[in-house]
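Below you'll find the structure, written out as C-alpha cells, and then a few comments.
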Amino acid sequence: MLLAWLSAQPFFREVNSSLVTVDMKKACASTSRGPSKKPLQYAPWNGEFWFLYKGHWIAFRRVEKSNNDIFARETEEVSLRCFGWSKGILEALMEESREKYLEGLRGKTLIFEATGGRWEESKTRSNRDVSTVLHDAKVKEDLLSDIGWFLDPCTRAWYTDRGLPYRRGYLLHGPPGTGKSSFSFSIAGHFELDIYVLSLVNVDDAALSSLLAKLPQHCVILLEDIDAATSDRAHIKEGDSESVSSGSENQGKKRLDDALIRPGRVDFKVKFRLADRELIGQLFRLIFKGSDDITTIGRLADKFADQVPESEFSHAEVLSLLLEHRLCPGNAVAGVEAWVDKTREEKRGLRREGSWLHYARHVATEFVSPELKTSLTEILVKLLPAFVRAAPNKVLSELLEQPLL
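Numbering (the UniProt record's numbering), first residue to last: 1 to 405.
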C-alpha cells in the first residue's frame, strides 16, 4: 500500500535505487501483446531517502530482515520518520496512501491464502454480480438477507448483549462443478468483503488456530476440503476470531463429521444440485444473449434443455459445451445429443477404472496365464470386497462402492 503510493509520486524519480518486479497478476490477466504483456513495477529498494510531503521532510527506510529459516519467506521492514512533536503528518500520509490503495480495489475482491503460517494476498478478482450466478432465486434471496442481517452493526450489539460469540457459518454442499465457488466469490463482492481461502489438508491444529486468530474482523473465510477435517479438530472453528462470515465448500455433506456441521458451527446450509431443465435453459440464454433475437434464442434454449437429461450433468459441464459453440447457438443445439452420449461414455470409463472388476482384470492380465484369467477374475471379484470390508481403511471401503460394470 505505502510502497505503491511512493512509487507513484514525482519525487520517486530522484531515488537512487529501486526494485523492479514483474506484476504477475496483471501479466496473467492481460490479453495484449508486446511491452504491456508483462508490466514492470518499480518500488523503493533498500536504504533510506528523504522526501517532502505537505511542507514536512519525511525519511523513508526499507531494510531486509535476516531469517535463519532457509525455508521461510524473506521479510522486510519499512519505516517512516519526521521532525516534530506530532505524528499527525505521518497519519495523514498513511491515510492518503490507504485511500489511493482502496480506490484501485474498487469493484474488486481480494483473495488471501495461507502460506507459511500467515495470510498473503494471492490474487484480485473483479466482483461478479450475484444475479449472474444461476441458482434458486429464493435460496439466493434468503442467503443474502441472512448475511446482510449478520453484518449489520446492530446485529453485533445484539450478539454482545446476549453473550453470544459473533460468528455465522454457511455450508455450501453438492457435486463438483455446481457453482459453489462462484457463489462464494459473488457473495464476497456483493458485501465488499475479502476472501481468506484455507484448505484443511496438511494444516495441523496449532497452525489452524494461529491463522484464524490473524483474520480481520470483517471477511469471508472459505474452508476448502473440509471432508478431510475430523471431529477432534472441530473445536478449532470456535476460536477467538469474531465478526467473521464464514463459508465452506464440500462435495458431499454425508461424508462430513456431524460435529463439523452441527448448529452453532454451520447455521445456514445451501444445497447445490446438478443442472435441471430450468437452469440448463438459463445457461443457454446467458451465453447467447444478444447474439440473436430474443424469440429465437428462447426457442433454441428450450430445444437445447429438452435434449439434456435433468440432474445428470453439472453446471460446469453444460457450460463447457455452450462455450465451445459460443459463436453459433444452432451448433450447440445440433451437437448436444452427441455430447450427452460422449460425456456419459467418458464417465462410464472413469467408473470402470476405479472398480474392483477393472483391478481384477488388470491383475489377471499382468500376472497369470490366459488359461487362468477368467477363473481368477471371478475369484477376485468375490473375495476382494470381503477383505476390504474387514479392513479399517475407509478409502478402500469407498472404492468398493464404485460400480463393477
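Note that beta-carbon positions come from the ideal geometry of N, C-alpha and C, so glycine has one too.
Legend entry - Coarse secondary structure for Lys347, derived from DSSP in three states: Residue numbering aside, residue 347 sits at position 347 when the sequence shown is read from its first letter. Correct three-state label for Lys347: helix.
Legend entry - Limits of the alpha helix (DSSP H) - the one that Ala206 falls within: Along the sequence shown, one-based indexing puts residue 206 at 206. Note, Ala206: alpha helix (DSSP H), Asp205 to Ala213.
Legend entry - Rounded C-alpha distance that separates Gly298 from Arg285: To locate residue 298, count along the sequence shown from 1; it is residue 298. To locate residue 285, count along the sequence shown from 1; it is residue 285. A straight-line Cα-Cα distance of about 7 Å links Gly298 and Arg285.
Inset, instruction - Put Leu200 into one of helix, strand or coil per three-state DSSP. - result: By one-based count along the sequence shown, residue 200 stands at place 200. In the structure shown, Leu200 sits in coil (DSSP, three-state: anything other than H, G, I, E or B).
Inset, instruction - Run the CB neighbour count on Phe185, radius 10 Å, all protein chains shown included, and call it buried at 16 or more, exposed below. - result: By one-based count along the sequence shown, residue 185 stands at place 185. With 16 or more other Cβ atoms within 10 Å, it is buried.
Inset, instruction - Leaving aside the five residues before and after Val130 along the sequence, list all residues of the same chain whose C-beta is less than 6 Å from its C-beta, in chain order. - result: Counting from one through the sequence shown, the residue named residue 130 turns up at place 130. Ser186 and His190.
Inset, instruction - Buried or exposed for Val318, please, with buried defined as at least 16 other CB atoms from any protein chain shown within 10 angstroms of its CB. - result: Along the sequence shown, one-based indexing puts residue 318 at 318. The residue is buried, with at least 16 neighbouring Cβ atoms inside 10 Å.
Inset, instruction - Spatial neighbours of Leu274 within its chain, please: CB distance less than 7 Å, with the 5 preceding and 5 following residues excluded, ordered by chain position. - result: The residue you call residue 274 lines up with position 274 of the sequence shown. Excluding positions up to five away in sequence, the list reads Pro175, Thr178, Ser311, Glu312, Phe313 and Ser314.
Inset, instruction - Could you tell me the distance, in whole angstroms, from the CA atom of Leu2 to the CA atom of Leu110? - result: Working through the sequence shown from its first residue, we reach residue 2 at position 2. Working through the sequence shown from its first residue, we reach residue 110 at position 110. Near 17 Å, if we compare the C-alpha coordinates of Leu110 and Leu2.
Inset, instruction - Answer yes or no: do Leu300 and Pro263 have a C-beta to C-beta separation smaller than 7 Å? - result: Your numbering for residue 300 matches position 300 in the sequence shown. Your numbering for residue 263 matches position 263 in the sequence shown. The Cβ atoms of Leu300 and Pro263 lie no closer than 7 Å to each other.
Legend entry - Ala188 beta carbon less than 7 Å from that of Val220: What you label residue 220 is simply residue 220 of the sequence shown in a count that begins at 1. What you label residue 188 is simply residue 188 of the sequence shown in a count that begins at 1. The answer is yes: Cβ separation under 7 Å.
Inset, instruction - Drop a sphere of 10 angstroms on the beta-carbon of Asp152, count the other beta-carbons inside from all chains shown, and report buried for 16 or more, exposed for fewer. - result: What you label residue 152 is simply residue 152 of the sequence shown in a count that begins at 1. With fewer than 16 Cβ atoms within 10 Å of its Cβ, Asp152 is classed as exposed.
Inset, instruction - Please classify Gly84: does DSSP put it in a helix, a strand, or coil? - result: Your numbering for residue 84 matches position 84 in the sequence shown. Three-state result, Gly84: coil.
Legend entry - Extent of the continuous beta strand (DSSP E) run through Ala114: Along the sequence shown, one-based indexing puts residue 114 at 114. Ala114 -> beta strand (DSSP E) spans Lys108 to Thr115.
Inset, instruction - Report yes or no: do three or more beta-carbon pairs, one from the segment 193-201 and one from the segment 108-126, lie closer than 8 Å? - result: yes
Legend entry - Check whether Lys100 and Trp5 have beta carbons under 7 Å apart: Residue 100 sits at position 100 when you count from the first residue of the sequence shown. Residue 5 sits at position 5 when you count from the first residue of the sequence shown. Taking 7 Å as the Cβ cut-off, Lys100 and Trp5 qualify as a contacting pair.
Inset, instruction - Below 7 Å CB to CB, which residues in the same chain sit around Lys271 once its five sequence neighbours on both sides are set aside? - result: Residue mapping note: residue 271 aligns to position 271 of the sequence shown, counting from 1. Closer than 7 Å at the Cβ level, and outside the excluded window around Lys271, lie His173 and Gly174.
Legend entry - Cβ pair Asp136, Phe268 closer than 7 Å: Locating residue 136 in the sequence shown gives position 136, counting from the first residue. Locating residue 268 in the sequence shown gives position 268, counting from the first residue. Result no, Cβ atoms of Asp136 and Phe268 do not sit closer than 7 Å.
Inset, instruction - Answer with buried or exposed for Gly55, where buried requires no fewer than 16 other C-beta atoms within 10 angstroms of its C-beta. - result: Locating residue 55 in the sequence shown gives position 55, where the first residue counts as 1. When all chains shown are included, Gly55 counts as exposed.
Inset, instruction - Look at the alpha carbon of Phe60 and the alpha carbon of Tyr53, and state the distance between them as a whole number of angstroms. - result: Counting from 1 along the sequence shown, the entry for residue 60 is found at position 60. Counting from 1 along the sequence shown, the entry for residue 53 is found at position 53. Rounded to whole angstroms, Phe60 to Tyr53 spans 12 Å at the Cα level.
Inset, instruction - Answer yes or no: do Arg326 and Ile280 have a C-beta to C-beta separation smaller than 7 Å? - result: Translated into positions along the sequence shown, residue 326 becomes position 326. Translated into positions along the sequence shown, residue 280 becomes position 280. No, the pair does not count as a contact, with Cβ atoms beyond the cut-off.
Legend entry - Extent of the continuous alpha helix (DSSP H) to which Arg162 belongs: Numbered from 1 along the sequence shown, position 162 holds the residue referred to as residue 162. Counting along the chain, Arg162 falls outside any alpha helix (DSSP H), and DSSP gives it neither H nor E.
Legend entry - Reduced DSSP secondary structure (H/G/I, E/B, other) of His56: As a working note, residue 56 is residue 56 in the sequence shown. His56: strand per DSSP, three-state reduction.
Inset, instruction - Helix, strand or coil for Ser311, going by three-state DSSP, please let me know. - result: Position 311 of the sequence shown, counting from 1, holds the residue named residue 311. Residue state, collapsed to three classes: coil.
Legend entry - Per-residue burial, Lys214 [other beta carbons within 10 Å of its own, 16 or more giving buried]: Residue 214 sits at position 214 when you count from the first residue of the sequence shown. The residue is exposed, with fewer than 16 neighbouring Cβ atoms inside 10 Å.
Inset, instruction - Give a yes or no on whether the C-beta atoms belonging to Phe304 and Val336 are separated by under 7 Å. - result: Position 304 of the sequence shown, counting from 1, holds the residue named residue 304. Position 336 of the sequence shown, counting from 1, holds the residue named residue 336. Yes. Within cutoff.
Legend entry - Alpha-carbon spacing of Glu96 relative to Leu171, whole angstroms: Here residue 96 refers to the residue found at position 96 of the sequence shown. Here residue 171 refers to the residue found at position 171 of the sequence shown. About 39 Å.
Legend entry - Residue burial classification, Phe83 (beta-carbon count within 10 angstroms, cutoff 16): Mapped onto the sequence shown, residue 83 falls at position 83. Looking at its Cβ environment, which holds fewer than 16 other Cβ atoms inside 10 Å, Phe83 is exposed.
Legend entry - For Ser291, three-class secondary structure by DSSP: Along the sequence shown, read from residue 1 onward, the residue named residue 291 stands at position 291. Coil at Ser291, not helix or strand.
Inset, instruction - Locate the beta strand (DSSP E) running through Val266, then write down its first and last residues. - result: Locating residue 266 in the sequence shown gives position 266, counting from the first residue. No beta strand (DSSP E) holds Val266; DSSP gives it neither H nor E.
Inset, instruction - Apply the 10 Å Cβ neighbour rule to Arg118 and answer buried if 16 or more other Cβ atoms are within range, or exposed otherwise. - result: For the purposes of this step, residue 118 is taken as the residue at position 118 of the sequence shown. So Arg118 ends up on the exposed side.
Inset, instruction - Can you say whether Ala27 is buried or exposed, counting buried as having 16 or more other CB atoms within 10 angstroms of its CB? - result: Residue numbering aside, residue 27 sits at position 27 when the sequence shown is read from its first letter. Caution is warranted here: a pLDDT of 44 is assigned to Ala27, below 50, making its placement in the model unreliable, and no coordinate value can be reported.
Inset, instruction - Would you decide whether Leu211 is buried or exposed? Buried here means 16 or more other CB atoms lie within 10 Å of its CB. - result: Counting from one through the sequence shown, the residue named residue 211 turns up at place 211. Burial call: buried.
Inset, instruction - Report buried or exposed for Gly169, applying the criterion of at least 16 other Cβ atoms within 10 angstroms of its Cβ. - result: Within the sequence shown, numbered from 1, the residue matching residue 169 stands at position 169. Answer is buried; the Cβ neighbour count reaches 16.
Inset, instruction - Please report the residue range of the beta strand (DSSP E) in which Glu224 lies. - result: Numbered from its first residue, the sequence shown carries residue 224 at position 224. First-last of the beta strand (DSSP E) with Glu224: Cys219 to Glu224.
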